[in-house]
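Below: one structure, written as structure tokens.
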Amino acid sequence: MLRFGLIADVQYCDIDDGMNFGGTEFRHYRGSLGGAARAAAAFAAARGARGSLRFVAQLGDIIDGQNGGTYGAGLAWRGAPRSDEALARVLDALDGCDVETYHCVGNHELYNFDSAALSAGPLNDGRHTIAVDGRHYFSFRETGWTFVVLNPYEVSSMRPKHTEGYAAAAALLKAHNPNDVLGDAPCDFFAGLEGENMRFVPFNGGCGGPQRAWLRTALAAARARGDAVAVFSHLPLFHEAASWRNVAFDAPEVLAELRASGNVAAVFAGHSHRGGFALDEAGIAHCTVEA
1032 MLRFGLIADV QYCDIDDGMN FGGTEFRHYR GSLGGAARAA AAFAAARGAR GSLRFVAQLG
1092 DIIDGQNGGT YGAGLAWRGA PRSDEALARV LDALDGCDVE TYHCVGNHEL YNFDSAALSA
1152 GPLNDGRHTI AVDGRHYFSF RETGWTFVVL NPYEVSSMRP KHTEGYAAAA ALLKAHNPND
1212 VLGDAPCDFF AGLEGENMRF VPFNGGCGGP QRAWLRTALA AARARGDAVA VFSHLPLFHE
1272 AASWRNVAFD APEVLAELRA SGNVAAVFAG HSHRGGFALD EAGIAHCTVE A
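Our numbering applies: residue 1032 is where the sequence shown begins, and numbers increase by one.
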């Protein structure tokens, strides 16, 4: 038996508990640090149990965007960014499990850090991995399994405006969302949206063509080795395990790659805080981990 740990959407911030930015759910901002510590204790206990825990996958949004000092300004606090301090506190809590940890990029990572800072920071120090060869998507092997870490924010309006990733995201948002979601004025991202188009909002993103091509190659290599495959992604890929509001821009295209490969067992994601589970038409298990 191969055992690994999962944790999603810690979203720690040293502010009082309260409603989230959209006013849709109650959040334990400060208390989430204790949740991370309890998870680490459970992971540490699993390391010594039969079928020792091999690694932990942190599925993104490890700290809240309000640590960046702009997202949510006026909702809870205003001040200088304290992203580094918040990240250090969560990592200190998680490091109690003393096991290698792989990290997914979530939207809240990008509210706090740019891609270069993520690659050069404590989430990529050898014991923690968020990037390999400068990319925030990569794979690794464990006992007959290939684990694929996707970055569904390669195409994102949170990327620098001069990049191809921003341009591609802006084009998709303008094509599918009638609201001025890229403007400076606040607006309802979902006004007038229905069904599949509900995924085209700024806090989601996409893998993009180059990453999907890389994924196809990684899946073929795993298949040639006889490996089963599990996928980690901050954004869910199958709406029935979350909702159309929470999946990646190019979830249908990514799913087509996974289903065609024939050796993908499961997709583990975060982002949709209530969690969810569904089997798709190819028998792939989609597990959205609760925040």
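Note that beta-carbon positions come from the ideal geometry of N, C-alpha and C, so glycine has one too.
On the three-state DSSP scale, how would you describe residue i?
{"i": "E1195", "result": "helix"}
{"i": "E1227", "result": "helix"}
{"i": "M1050", "result": "strand"}
{"i": "L1064", "result": "helix"}
{"i": "F1144", "result": "coil"}
{"i": "S1264", "result": "strand"}
{"i": "Q1097", "result": "helix"}
{"i": "H1302", "result": "coil"}
{"i": "H1059", "result": "coil"}
{"i": "F1178", "result": "strand"}
With a cut-off of 8 Å on the beta carbons, I'd call residue i and residue j a contact; round off their distance for me.
{"i": "L1154", "j": "H1134", "result": "5 Å"}
{"i": "D1323", "j": "C1044", "result": "Since the displayed the chain opens at 1032 and closes at 1322, residue 1323 lies outside it and no answer follows."}
Which two residues bound the contiguous alpha helix (DSSP H) that contains residue i?
{"i": "Y1133", "result": "First-last for Y1133: 1132-1134, but that is the beta strand (DSSP E), not the alpha helix (DSSP H)."}
{"i": "I1245", "result": "Rather than Ile, the amino acid found at residue 1245 in this sequence is Trp. Element bounds for W1245: 1240-1256."}
{"i": "E1173", "result": "Segment 1169-1173 is the beta strand (DSSP E) holding E1173; no alpha helix (DSSP H) there."}
{"i": "V1285", "result": "1282-1292"}
Quick one: give me the first and last residue of the beta strand (DSSP E) that residue i is part of.
{"i": "H1317", "result": "1316-1319"}
{"i": "L1033", "result": "No beta strand (DSSP E) holds L1033; DSSP gives it neither H nor E."}
{"i": "L1310", "result": "1307-1310"}
{"i": "G1084", "result": "Reading off the sequence shown, one finds Leu at residue 1084, where the question assumed Gly. Unbroken beta strand (DSSP E) run through L1084: 1084-1089."}
Within 10 Å of its beta-carbon, does residue i have 16 or more other beta-carbons around it, so buried, or fewer, so exposed?
{"i": "R1058", "result": "buried"}
{"i": "T1055", "result": "exposed"}
{"i": "E1321", "result": "exposed"}
{"i": "T1177", "result": "buried"}
{"i": "R1190", "result": "buried"}
{"i": "G1105", "result": "Summary for G1105: the model assigns pLDDT 41, below 50, so the residue's position carries little reliability, and this model does not support an answer."}
{"i": "P1209", "result": "exposed"}
{"i": "P1267", "result": "buried"}
{"i": "H1193", "result": "exposed"}
{"i": "G1175", "result": "exposed"}
Alpha carbons only, please: which of the options is nearest the one belonging to residue i?
{"i": "S1292", "options": "F1269, R1254, A1309", "result": "R1254"}
{"i": "V1262", "options": "R1243, S1083, C1128", "result": "R1243"}
{"i": "D1040", "options": "H1302, N1235, A1198, F1169", "result": "H1302"}
{"i": "S1187", "options": "G1157, L1141, M1229", "result": "L1141"}
{"i": "A1117", "options": "R1078, R1247, P1233, Q1042", "result": "Q1042"}
{"i": "D1123", "options": "G1065, A1273, F1308, R1305", "result": "G1065"}
{"i": "F1280", "options": "T1174, H1207, R1061, S1150", "result": "H1207"}
{"i": "E1227", "options": "P1283, S1264, E1195, D1258", "result": "P1283"}
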